[in-house]
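Sequential numbering from 28 applies to the sequence shown in our numbering. Scroll down for the structure; my scribbles are underneath it.
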Amino acid sequence: MVRKAEFNNDVYVTHFGINILTNMTEVMGRVLTAPKIQYGGRTKVIVTPNQGVWDMRGKQFHTGIEIRTWAIACFAPQRNCNEAALRTFTQQLQRISNDAGMPIVGQPCFCKYATGIEQVEPMFKFLKTTYNGLQLIVVVLPGKTPVYAEVKRVGDTLIGLATQCVQAKNVNKTTPQTLSNLCLKINVKLGGVNNILVPSVRPISVFREPVIFIGADVTHPPAGDRSKPSIAAVVGSMDAHPSRYAATVRIQMHRHEVIAELSTMVRELLIQFYKSTRFKPARIILYRDGVSEGQFAHVLAHELMAVREACVRLEASYQPGITFIVVQKRHHTRLFCADKKEQCGKSGNIPPGTTVDVAITHPTEYDFYLCSHAGIQGTSRPSHYHVLWDDNHFSADELQALTYQLCHTYVRCTRSVSIPAPAYYAHLVAFRARYHLIEREPESNEGSHQSSNGDSNGQQQVQLSRAVTVHPDSAQVMYFA
28 MVRKAEFNND VYVTHFGINI LTNMTEVMGR VLTAPKIQYG GRTKVIVTPN QGVWDMRGKQ
88 FHTGIEIRTW AIACFAPQRN CNEAALRTFT QQLQRISNDA GMPIVGQPCF CKYATGIEQV
148 EPMFKFLKTT YNGLQLIVVV LPGKTPVYAE VKRVGDTLIG LATQCVQAKN VNKTTPQTLS
208 NLCLKINVKL GGVNNILVPS VRPISVFREP VIFIGADVTH PPAGDRSKPS IAAVVGSMDA
268 HPSRYAATVR IQMHRHEVIA ELSTMVRELL IQFYKSTRFK PARIILYRDG VSEGQFAHVL
328 AHELMAVREA CVRLEASYQP GITFIVVQKR HHTRLFCADK KEQCGKSGNI PPGTTVDVAI
388 THPTEYDFYL CSHAGIQGTS RPSHYHVLWD DNHFSADELQ ALTYQLCHTY VRCTRSVSIP
448 APAYYAHLVA FRARYHLIER EPESNEGSHQ SSNGDSNGQQ QVQLSRAVTV HPDSAQVMYF
508 A
C-alpha cells in the first residue's frame, strides 16, 4: 500500500525534504507465558490456555452455586418458541449446568408467556413476593427488543434478582457452547467463582500483600446528543484470586472525562474489600480505560489525588501504594510476525501474549504494547498500556505478566480477552447503567434545565442518580456479567 501510494513523489513531501520508508519498522518482541487456570470439583483440574483459548469440557466451576428456585419468562410469541422447545431447553441447560458444577435442581417454579414491556415490572414483583428464595429468572426474548433494557432495570435496580436473557433462536436450537456460555454468566451473577489463576504462577511481588485491582471507565452519549449525561463506572476485586468484583456507578456532567466522584467510589470499594476479605489492601492497581494522551496529565492529577483521598478518609495513616495504568485500544499500531511460521490462527496474527516495549514506545515514558487475545477475524489490535504512576515500583516484566494474566480472568468466556478484566468490567457496568437510564433522561437541552412541572436540574440529577443505583442484593454479586 505504501509503495503504491508513492509518497516520495509527492511535491510537498519533496519540498519539505521528507523521505518516507516503504518497509515496515522491525521491532523485537517476546511472547509471555500463559497463566494456568484452576477449576473446582473433586479433581481441581488445571488447564493451560492454547493460543489464548481453553474449554470447559470435563471441568467444574471453582465455586458453583446450586440453583433450587428459578423461573422462566418468555417474551417471544408462542409460535416462535413453543412449550416443547422451552422444555427441551430446560433439560439441556440442566444437563450442562450439572456437568459444570452448578446444579439446577428440579423444574422452574414458574414458566409463562408475556406479551410486552409493560408486563416486566409487575411480573417480576409477583415472582419476587410469591416464590420465597427465588434465585434466577431466565428471560426468553424474540431478538433485539426494548424488553431487554426493562428486564435489566427491574432486575438490577428494583428487586435485586439475577436475570439471564437468551434469544428465542438459541432456545429453539440449543448448542453445548451456547448453554455453557449461559452457565458462565449465571454462576457469577449468583455469587459463584468460575475459575481462578493458579497462585503459584502469579507474580509473587504483586500478590505478596493484599492487593485490590480497580477498573475505571467513563462512557459518553453519542456525538451530537447534548442532553444525556456521561456515566462513570468503577469496579474493584473482592478476593485474592482475583475473580469476584463489585461495582459502583455514577452519572456526571456531559462529556466530562475525569471521574468526578472517584474518591467516594473507591472508598466504597475499599470498604467492601475489607468486609469481604478482612484485609486492607496494601496495594491499589488501577486500570483506567478511555483516556487519550492529551488528557493524561489532567486525569492523573485529579484521579490519583482522589484515590489517595479515599484512603485517608478511611484512616489518616492509610497510604497504600498506587499503580495507575491507562489502557488504550483506539490507536493505529498493528503488529505482524516477520516469520510466517510464528503466525497464529487463520488470519495470521501474532500469538497471544506478544509484548513490545522497545523502538515504537515512548523514549522517556513508561509504556508497552500487549496483544493478549487471539484474533477471531481480521488483524489483531494490541492494547497500549501507559504506566502513569507506580508507587509500588513494579518491574516491567512484573506489570506485563500481571496484565496478561488478568486478561485470562474475564468470566464471560473461556479465552483471553484484549484488555484486563477489571477494565472490561468497568465498561460493562457503564454500558448496563445506560440501560437503567432509559426513559429517565431528558429529551432535549431545554428539558435538562427545567421540566414542565418546574423541577430544577438538581432534582433531575438526583432522579438520574437513583436510576443507576443498583439494588443492595445485586450490588453483592457481578450483576453486570
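The beta carbon of each residue, even a glycine, is placed where N, CA and C say it ideally should be.
Residue nearest to A287 within the set S270, F43, Q105 and H325 is H325 (criterion: CA-CA distance).
Per the coordinates, the alpha-carbon of Q487 lies some 20 Å from the alpha-carbon of T246.
Contact between H400 and C434 holds, with the beta-carbon distance rounding to 7 Å and staying under 8 Å. Annotated three-state conformation of V178 is helix, per DSSP.
With contact defined as three or more Cβ pairs closer than 8 Å, the region 291–300 and the region 217–233 are not in contact. Contact check for L163 and I213: beta-carbon distance about 6 Å, within the 8 Å limit, so the pair qualifies. A direct Cα-Cα distance of roughly 29 Å separates S254 from M332. Around P173, the same chain offers I144 as residues with beta carbons nearer than 7 Å, after the five sequence neighbours per side are excluded. Taking all protein chains shown into account, I99 has 16 or more neighbouring C-beta atoms within 10 Å of its C-beta and is therefore buried.
By the criterion of a C-beta distance shorter than 7 Å, L206 is surrounded in its chain by Q119, L120 and I123, once the five residues flanking it on both sides are discounted. Bounds of the alpha helix (DSSP H) holding K216 are P203 to K216. Going by beta carbons, A176 and Y462 fall inside the 8 Å limit.
Taking 8 Å as the cut-off, the Cβ atoms of L154 and F137 count as close. From the listed residues M55, F116, C108 and A309, the smallest Cα separation to Y345 is found for A309. Here K216 is buried, its C-beta having at least 16 other C-beta atoms within 10 Å. Following the DSSP letters along the chain, one finds I349 inside the beta strand (DSSP E) bounded by residues G348 to Q355.
Of K367, R357 and D418, the smallest CA-CA separation from Y412 is found for R357.
For K152, the enclosing alpha helix (DSSP H) starts and ends at V147 to T157. With 16 or more other Cβ atoms inside 10 Å of its own Cβ, A274 counts as buried. Under DSSP, Q194 forms a beta bridge with L168.
Within the region 84–163, the alpha helix (DSSP H) runs of at least 4 residues that lie entirely inside it are, in chain order, 110–126 and 147–157.
H281 is positioned such that its CB atom lies closer than 8 Å to that of S257. Where T246 is concerned, the enclosing beta strand (DSSP E) starts and stops at V238 to T246. Look at Y452 here: in three-state DSSP terms it is helix. Within its own chain, no residue has a Cβ closer than 6 Å to the Cβ of E110 once the five positions on either side in sequence are excluded. Per DSSP, the continuous alpha helix (DSSP H) segment holding Y301 begins and ends at L289 to T304. Residue burial is scored here from C-beta neighbours: M292 has at least 16 other C-beta atoms within 10 angstroms and is therefore classed as buried. In terms of Cα proximity to N197, the closest of P378, N221 and A103 is A103. Between the C-alpha atoms of V40 and I47 there is a straight-line separation of about 9 Å.
Taking C-alpha positions only, P269 is separated from S422 by approximately 20 Å. When DSSP states are grouped into helix, strand and coil, V318 belongs to the coil group. In chain order, K212, V215, K216, V438 and R439 place their CB closer than 7 Å to the CB of A508, counting only its own chain and leaving out the 5 sequence neighbours on each side.
Annotation: T90 to M129 spans about 8 Å, alpha carbon to alpha carbon. The Cβ atoms of V334 and I352 lie no closer than 8 Å to each other. A502 carries a helical assignment under DSSP once its states are collapsed to helix, strand and coil.
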